[in-house]
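Engineer: Protein sequences appear in the order of chains A and B.
At position 169 of the first sequence (counting the first as 1) the number is 170 in the working numbering, and the numbers step up by one without a gap.
At position 67 of the second sequence (counting the first as 1) the number is 153 in the working numbering, and the numbers step up by one without a gap.
Yeah, the Cβ is synthetic: ideal placement off N, Cα and C, and Gly gets one too.
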Amino acid sequence: MFFLNVLTSGLLAGLMYAMVAIGFVLIYKASGVFNFAQGTMVLFAALTFVVLNEHGLRFWAAFPVTVVVMIIGAFLIERLVLRPLVNRSPNTLFVATLGLSFVIEGLAQTLFGSDVHQLELGIDDSPLDLYGLQITQFDISASAIAIVMVAVLAVLFSKTRMGISLRAVADDTLAAQSVGIRLPHIWRIVWSVSGFVALVAGLLWGARQGVQFSLSLVVLKAMPVLIIGGFSSIPRAIVGGLMIGATENLADIYIGPFVNGSVSNWFAYILAVAFLLIRPSGLFGEAPIARV
Amino acid sequence: MTSVASTFAARSAPIQPSHIALAGVLVVAAALPFFGNDYWLNSLITPTIVMGLAGLGLNLLTGYAGLVSLGSAAFMSIGAFSAYNLLLRTPYLPLPLALICAGLIAAAFGVLFGLPSLRIKGFYLSASTLGAQFFFEWLFTNFHWFSNNSLTLTISAPRLEIFGYNLDIPPGRYALAVVTTCLLYWLAHNIIDSRIGRDWMAIRDMDTAAAVAGIPVGRRKLLAYGVSSFFCGVAGALWAFCYLGTTDAHAFDLDKSFQVLFIVIIGGSASLVGNFLGAAFIVLTPIVLDLAVLGAGLEAAIDHGTVTNALRVIFGVIIILLLVKEPDGLASLIGRLPRLFWTTRLRRRTP
């Protein structure tokens, strides 16, 4: 039973990692950018929401306002960072998002201060006992929210005109452009959606551990999730997240005591690398064909 | 990008402008301890040189061989902790040999964490080096043997002497950093010019084509990880002993790795000189921004936290601006300077 409890709490943490990883996947698919600033976007969104909330705005007012803020941010990023850097090497774009993460992080803390904010979403966080399995109502709600969000995104991407053009861009950027899909428009949408995902992830994480600077470090947990799941699919990111969350938690409990303490900082990475050595193209990936 | 034609041209001519520039830099470097004061040497020049060396290491890997690493600081820390333990536990080993051995240990781990490059490409590779980053910071913090069971988990140079000369004075530490960096720069230059360097560039430009042309791609990739980590390891030892003096594993955190990456991208990918320009930028910008805040008299008006955060924003903006305005890094800017000067003079003559 203890094992099962460790496993469940790991899976729940993994779901949270996956939420952050989804934001990565969206941006990577549409623009080939490995967006390191996703973590600071989570922080920024959560901070904006909390500060609005503390100034008396109810949830249903603060939420849309924050979404609008994130959309404005997405438009600015597209105009000021992505457009001038179009067609540059992935390394350059990655470093640009590192610079961007400095800017967002600095802005967030200049505007909202660096205190820890408590976030109360009004969901009960006391553990329930399901046949010996310790699980809280908050965990269940968080998973439900994550599942609903993924379902909505999936419908959006497979059924709407916008989603289909986005997939076209991901598939073949040049071909998509030549049939008249406007790339900057797609970028704006994608960065807005991942801003929205960042907000949801930030609220769920923030309600658990307080809205504070360390929220932006969750980006580092999303990396191995992406490595295992692959950069290009949302469902795979979720499976990757669950795997990482579960094994990380199990390793911390069962291996940790033998090696002087917590191993969760690096275990996920080593796991991801071991995984890659066995299956280089990822969990579900197909082997690429090399051509000269 | 260094074109093959230009490197060949550089070989055929006996004396090049770059050689004169190099001699000039060496003269200035040798003269600096006599003119600059200790503050200058210790907090501006030495960190620039050492970070430039670390950047050089990463640039060999990223700029020339086209492989990714987000764990440069991990290999720096391996170098630092190895050098410390070698100097401490093998008293008969002279300092230069200890540095070389520390570099070789870092190189061995570089090859180990470079193994995934045989099977995977692109950004997926960063996971392995990022894993190294977290693993070694954890290792050196949690296993106290590495810091000789010191209570503060710190290491400091046990003995910094060469042939009986004590180097543990500011000019001595500076000299150690400069001489080591010059030697390694020369080594890097020759590696780039050799068959290995050409192979790296071929792999960077298209590895499938390189494999078809008979280049042992896997071996060369591992070699790139090894050589890069060797440079980073030596730079780490110098960073710990010549610049910081006393340090712990957290001096080599993820931020340091990112700084090294900034140096490579801002200084110029596949450029040797660029690393030192990038390092100067990384070291000097925070200092200049701090001085600007002091100079504007804003110190009293706003609290320290706000200043730090504002500086973060400015630093981020400068990085993005540099990426946009200088696609080939600061190295290309320096290359263009004489021409810029020339064209403005021409323009002035014509009415």
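#1: Along chain A, which residues have their Cβ under 8 Å away from the Cβ of L409 of chain B?
#2: Which class does A96 of chain B belong to by DSSP, given the choice of helix, strand or coil?
#3: Please list, in chain order, the chain B residues whose beta carbon lies closer than 8 Å to that of S1 of chain A.
#4: Where does S98 of chain B land, buried or exposed, given buried means 16+ other C-beta within 10 angstroms?
#5: Anyone know if the C-beta pair for I368 of chain B and I349 of chain B falls short of 7 Å?
#6: If I'm right that V226 of chain A touches A238 of chain A with Cβ under 8 Å, what's the distance once you round it to whole angstroms?
#7: Starting from T137 of chain A, trace the beta strand (DSSP E) in both directions and tell me its first and last residue.
#8: Helix, strand or coil for P302 of chain B, going by three-state DSSP, please let me know.
#9: Applying a beta-carbon distance threshold of less than 7 Å, which residues of chain A neighbour R398 of chain B?
#10: Roughly how many angstroms separate the alpha carbons of L118 of chain B and A192 of chain B, rounded to a whole number?
#11: Give the single residue among A:A31, A:S144 and A:L77 whose Cα lies nearest to the Cα of Q178 of chain A.
#12: Would you say L216 of chain B reaches chain A, if we count a Cβ-Cβ gap shorter than 7 Å as a contact?
#13: Is the region 55-72 of chain A touching the region 359-368 of chain B in the sense that three or more CB pairs, one from each, lie closer than 8 Å?
#14: Any residues in the region 133-150 of chain B with a beta carbon nearer than 8 Å to a beta carbon of chain A? Which ones, in chain order?
#15: In angstroms with no decimal places, state the Cα-to-Cα distance between G257 of chain A and T215 of chain B.
#16: So, using beta-carbon positions, are L156 of chain B and S236 of chain B closer together than 7 Å?
#17: Alpha carbon to alpha carbon, what distance is there between F113 of chain A and V303 of chain B?
#18: Cutting at 8 Å between CB atoms, please list the residues of its own chain near L16 of chain A, excluding the five before and the five after it.
#19: My guess is that V298 of chain B and G189 of chain B are in contact by the Cβ rule of under 8 Å, so how many angstroms apart are they, rounded?
#20: For the pair the region 93-101 of chain A and the region 409-422 of chain B, tell me if three or more CB-CB distances fall below 8 Å.
#21: F338 of chain B CB to nearest chain A CB: under 7 Å?
#22: Are the C-beta atoms of Y311 of chain B and some chain A residue less than 7 Å apart?
#23: Going residue by residue through the region 133-171 of chain B, where are the continuous beta strand (DSSP E) segments of at least 3 residues, counting only ones entirely within it?
#24: Going along the chain, which residues of its own chain have a beta-carbon closer than 6 Å to the beta-carbon of A326 of chain B, five neighbours each way excluded?
#25: So, does the CB of A515 of chain B fall closer than 7 Å to a CB anywhere in chain A?
#26: Taking the alpha-carbon positions, what's the F35 of chain A to R284 of chain B distance?
#27: Taking 7 Å as the cut-off, decide whether the C-beta atoms of M162 of chain B and F344 of chain B are in contact.
#28: Could you tell me whether the region 75-85 of chain A touches the region 177-197 of chain A, where touching means 3 or more Cβ pairs closer than 8 Å?
#29: Beta-carbon separation of A152 of chain A and V21 of chain A under 7 Å?
#30: Can you tell me the Cα-Cα spacing of F49 of chain B and F209 of chain B, whole angstroms?
#31: Are the region 120-130 of chain B and the region 270-288 of chain B touching, with three or more C-beta to C-beta distances below 8 Å?
#32: Is the beta carbon of A62 of chain A sitting closer than 7 Å to the one on G207 of chain A?
#33: With the cut-off set at 7 Å, would you say I229 of chain A and A273 of chain A are in Cβ contact?
#34: Using a Cβ cut-off of 8 Å, which residues of the region 219-243 of chain A contact any Cβ in chain B, in chain order?
#35: Would you check if the distance between the CB atom of C318 of chain B and the CB atom of S158 of chain B is smaller than 7 Å?
#36: Is it buried or exposed, R422 of chain B, if we count other Cβ atoms within 10 angstroms and call 16 or more buried?
Structural biologist: Once the coordinates are examined:
#1: L86, R89, T93, V96, A97 and G100
#2: Its pLDDT being 46, under 50, A96 of chain B is placed unreliably by the model, and nothing is read from it.
#3: The structure shown does not extend to residue 1 of chain A, since chain A is modelled only from 2 to 293, so the question has no answer here.
#4: Reliability of the predicted coordinates at S98 of chain B is poor, the pLDDT of 47 falling under 50, and the value obtained from them is presented with this limitation in mind. Exposed.
#5: Contact: yes.
#6: 6 Å
#7: Going by DSSP, T137 of chain A is part of the beta strand (DSSP E) stretching over L134 to T137.
#8: coil
#9: F103, E106 and G107
#10: Those two C-alpha atoms are separated by around 31 Å.
#11: A:A31
#12: yes
#13: no
#14: T148
#15: C-alpha of G257 of chain A to C-alpha of T215 of chain B: approximately 22 Å in a straight line.
#16: no
#17: 51 Å
#18: A143, S144, A147, I239, G242, L243 and G246
#19: With a Cβ gap of about 34 Å, V298 of chain B and G189 of chain B do not count as contacting.
#20: yes
#21: Under the 7 Å criterion on CB atoms, F338 of chain B is classed as non-interfacial with respect to chain A.
#22: no
#23: none
#24: A166 and T333
#25: In this structure chain B extends from 87 to 437, so residue 515 of chain B is not present and cannot be described.
#26: So the alpha carbons of these two residues sit roughly 29 Å apart.
#27: no
#28: yes
#29: no
#30: No answer is possible for residue 49 of chain B: it lies beyond the span of chain B, which begins at 87 and ends at 437.
#31: no
#32: no
#33: yes
#34: L221, M224, P225, I228 and F232
#35: Going by C-beta atoms, C318 of chain B is nearer than 7 Å to S158 of chain B.
#36: exposed
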